[in-house]
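Numbering (my numbering), first residue to last: 1034 to 1229. A short worksheet on the structure shown next.
Below, the structure is given as structure tokens:
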């Protein structure tokens, strides 16, 4: 299915120049009508229906991979324990804490990956909106209506621009300090939860 979608996107990469106020119906340009699935209409304009399917497949693959690694790793740990410690409540509590923290970590990472991927796929629209607000010209409107940005390689360009922007932000945003604050907040939440 994914290969078919990418192949259809590749086949429909013809440059077609339309008049400025023209609204195409797909009657003369069926590829343009098919690219309507790339328009972001879900979750506040953050993601398109087609990208949601692809994102769901990617999240499921990531979830199955992480769950498989966790099960194998934790079962290896449980098998290597001595028989006397397997019934010890302290070891059981520690093992439950390890498994629960791994599940929490997996959910947080997959949620972060999903949000970041959705932002990366729509980064071109965000940049064009910023240019439209700052400039107020018709250039951003013409670029946003171009077929190139609505096809497969337009999303690849959008994700590449997002990666460049995030990599450039490391000179502005102290990511290590931000991640340290997040980890401190999580540790304090765990501490208050275990105290109560």
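Even glycine gets a Cβ: it sits at the ideal position worked out from N, Cα and C. Since we're looking at a predicted model, the values are computed, not measured.
Classification of residue i by the beta-carbon crowding that lies within 10 angstroms, buried from 16 upward
| i | result |
| --- | --- |
| residue 1218 | exposed |
| residue 1081 | buried |
| residue 1118 | exposed |
| residue 1060 | Residue placement at residue 1060 is flagged as unreliable, the pLDDT there being 43, under the threshold of 50; the coordinate-derived value follows with that caveat. Result: exposed. |
| residue 1151 | buried |
| residue 1120 | exposed |
Residue interval of the alpha helix (DSSP H) (run including residue i)
| i | result |
| --- | --- |
| residue 1136 | 1122-1154 |
| residue 1090 | 1082-1113 |
As assigned by DSSP and simplified to three states, the class of residue i
| i | result |
| --- | --- |
| residue 1206 | coil |
Cα-Cα separation between residue i and residue j, rounded to whole angstroms
| i | j | result |
| --- | --- | --- |
| residue 1209 | residue 1142 | 17 Å |
| residue 1103 | residue 1166 | 47 Å |
| residue 1084 | residue 1154 | 8 Å |
| residue 1133 | residue 1139 | 10 Å |
| residue 1221 | residue 1211 | 15 Å |
| residue 1125 | residue 1089 | 34 Å |
| residue 1098 | residue 1091 | 11 Å |
| residue 1213 | residue 1144 | 19 Å |
| residue 1216 | residue 1204 | 21 Å |
| residue 1116 | residue 1149 | 44 Å |
| residue 1162 | residue 1108 | 50 Å |
| residue 1123 | residue 1100 | 25 Å |
| residue 1086 | residue 1223 | 34 Å |
| residue 1202 | residue 1156 | 15 Å |
| residue 1112 | residue 1146 | 32 Å |
| residue 1193 | residue 1158 | 13 Å |
| residue 1095 | residue 1105 | 16 Å |
| residue 1197 | residue 1207 | 16 Å |
| residue 1128 | residue 1114 | 11 Å |
Residue-level contact to chain C via CB, residue i, 9 Å cutoff
| i | result |
| --- | --- |
| residue 1159 | Chain labels in this structure do not include chain C; a single protein chain is all it has. |
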